[in-house]
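Residue numbers (the working numbering): 1300 to 1620.
Here you go:
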């Protein structure tokens, strides 16, 4: 995953942003901080999180460190709990990246990745965040870090250039906290009250990074909620543009936007595999099959299975699969 904190990275992102703008598109930089979902062999830094809560079991980082063929278990490198000063440094890092994105690279805005079990969600999740200070212990306190990050980003680049991605029903990276509706409901009400965001971006409950739809549905059913969907959050945000991601494809997306359920879809895997996705959807043309195993990782031939998928015209002209 490319970073955004130094001059060399800025130069690379400038080229990407320019290419998107040349096609008449808009592009936001999604700001990640993996927190405990990382290993020091890759980052060169100690692992930190909301609390010193280690991973359970033998779950390992997907890719071995450079020069090794052995995966590293997360549990072997438990995180250090962030101090109050450490929290402020993390917020400062987000602000630094956001300013580089908007002021130097020319991104149209930034989106805080507040889901997938990364650092913001580590603060939100009760099974990871076991703090007893002002950053933990209740749904409201567990939301404090995310709200402070968002307010700092808004001050740095403007509310109109700021968005957030949330996974209130996600389990990825062992984010298995309770009080989902109370925690994310409070967070969303506060965000709506405090900031006029460019948009909000939610992942559908049905989608999970490492589970099938059937497996995820069994987990959702076990929670005993009357309904598990994004309606609560859609209602909270009202007229704020509301994007949905997770499992949308060329068969199930039709009519949903027209009904007003959402304002836009966010599509990742299909777009990586099909560079002319929008045109193919318009024309009813078949999509390419993507190779997810090539989306991440330190490969010597990094473009293979990532940026080398053909357009429909290339498929017809060259006979590519």
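Even for Gly, the Cβ is constructed at its ideal location relative to N, Cα and C. From a predicted model like this one, the values you see are computed outputs, not experimental measurements.
Taking residue 1300 as part of the alpha helix (DSSP H), name the residues at either end of that continuous run. First-last for residue 1300: undefined, no H or E at that position.
Which residues bound the alpha helix (DSSP H) around residue 1393? 1383-1398
Which partner residues does residue 1380 have in the DSSP bridge list? 1348
With residue 1340 as the anchor, note down where its alpha helix (DSSP H) starts and where it stops. 1339-1342
When the Cα atoms are used, what is the spatial distance from residue 1563 to residue 1542? 5 Å
Spatial neighbours of residue 1371 within its chain, please: CB distance less than 8 Å, with the 5 preceding and 5 following residues excluded, ordered by chain position. 1338, 1340, 1359, 1360, 1363 and 1364
Output the distance between the C-alpha atoms of residue 1320 and residue 1478, rounded to the nearest integer angstrom. 41 Å
Could you check which residue in 1348, 1412, 1549 and 1560 has the C-alpha nearest to that of residue 1426? 1348
Using the three-state DSSP reduction, which class does residue 1565 fall into: helix, strand or coil? strand
Span separating the alpha-carbon of residue 1346 from that of residue 1380: 9 Å
Keeping to the same chain, check which residues put their C-beta closer than 7 Å to that of residue 1414; ignore five residues upstream and five downstream. 1420, 1464, 1465, 1466, 1469 and 1502
What runs of the alpha helix (DSSP H), each 4 residues or longer, lie entirely inside the region 1483-1542? 1512-1521 and 1530-1536
Residue 1344 CB to nearest heavy atom of the ligand FAD below 6 Å: The ligand FAD is not among the ligands present in this structure, which contains no ligands whatsoever.
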